[in-house]
Structures are given as structure tokens and as C-alpha cells.
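Chemist:
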Amino acid sequence: MPEPSTYDRIYAAARRIPRGRVSTYGWIAELAGVPGAARQVGYAMAALPAHTTVPWHRVINAQGRVSIRAGGDPRLEQRFLLEAEGVAFDANGRVSLERFGWRGRRRKEE
DNA sequence: GCAATGACGCTCT
DNA sequence: CAGAGCGCCATTG
């Protein structure tokens, strides 16, 4: 069987994010086994369907800010979802990665 | 197979 | 702390 594509790894890593915690694209990329491919993480998230089971809303950028897609401001929805999980935003709409930032530790080290 | 794109990251100013 | 510039890698056309 063929090995999972980078996107699949990214989705798997995103699913590992516990509820009430947030991760960054860089960490997800690292967990996916492709460090430095933070852009692909965001790209993969953008390719996610609306009915996906992946907690994409728990994935934010390394600046602790919620990235935005095209159109209006879908970031508000992501913020709402995170707040519903217990993640607090500051007045600037920023999340304290020091508090909610969860770095998934990879089980397989090589 | 090559060129362009893209929910990004890090460093310097 | 905020803003701007360069580099990164995988997917799509």
C-alpha cells in the first residue's frame, strides 16, 4: 500500500491536537514529518472540505494569530470555535501560545 | 517536467 | 512590539 501523502500526514497531525489547545502550522508540519513545509499545512487546510473531521480551527500561525482565507472574515468563526473549547483570545485577537499552544510530541523519532 | 501559487516561519530593521 | 523581506516545501495548472 502506498504511503500516505503529505496532506494526509498533516490531517493526521491536526487530528492529534487535543481539545482546548491550539497548534501552529510549523508544528503540524513537523509532526507531519515535513518540517519547513508550514505553507503546505495551510494549503492543506484550505483544501479541507466543510464537513471534515479535522479540527482545522485549532491550527493557527506561529504568531498566535488566526490566519484568514479569502472573502470576508472566516477568522471570526475560527475564533468562536476556539473560544467554545476554552481557548482565550486577547484584545488583539491573539492567542497565548505559551498557554494554549500545544506541541504534539512525535512518537517515532529517527 | 517547468512555472506559478499559497490559512506560513524566521530574521532583520 | 510591529512591519517588511527572504526562504521554505508540496500541490496544481
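With the working numbering, letter number 61 in the first sequence gets 317, and the count goes up by one each step, no holes. Idealized CB from N, CA, C, for every residue including glycine.
One question on the structure: do P311 and R271 come within less than 8 Å of each other, judged by their Cβ atoms?
Modeler: Cβ atoms of P311 and R271: closer than 8 Å.
Chemist: Would you mind reading off the limits of the alpha helix (DSSP H) that contains A306?
Modeler: Where A306 is concerned, there is no enclosing alpha helix (DSSP H), given that its DSSP letter is neither H nor E.
Chemist: Kindly indicate which three-state DSSP category I273 falls into: helix, strand or coil?
Modeler: In this structure, I273 counts as coil in the three-state DSSP scheme.
Chemist: So, R314 versus R359, is the Cβ gap smaller than 8 Å?
Modeler: Cβ distance not < 8 Å, so R314 and R359 don't count as in contact.
Chemist: Using only CA atoms, which one of G292, A300, I316 and E341 lies nearest to S261?
Modeler: Ranking the options by Cα distance to S261, first place goes to A300.
Chemist: Return helix, strand or coil for R335, following the three-state DSSP convention.
Modeler: Residue state, collapsed to three classes: helix.
Chemist: Taking C-alpha atoms, which residue in Y263, Y267, T280 and R265 lies nearest to S352?
Modeler: When only C-alpha atoms are compared, the closest one is T280.
Chemist: What would DSSP say about R355, mapped onto helix, strand or coil?
Modeler: R355 falls in the helix class under three-state DSSP.
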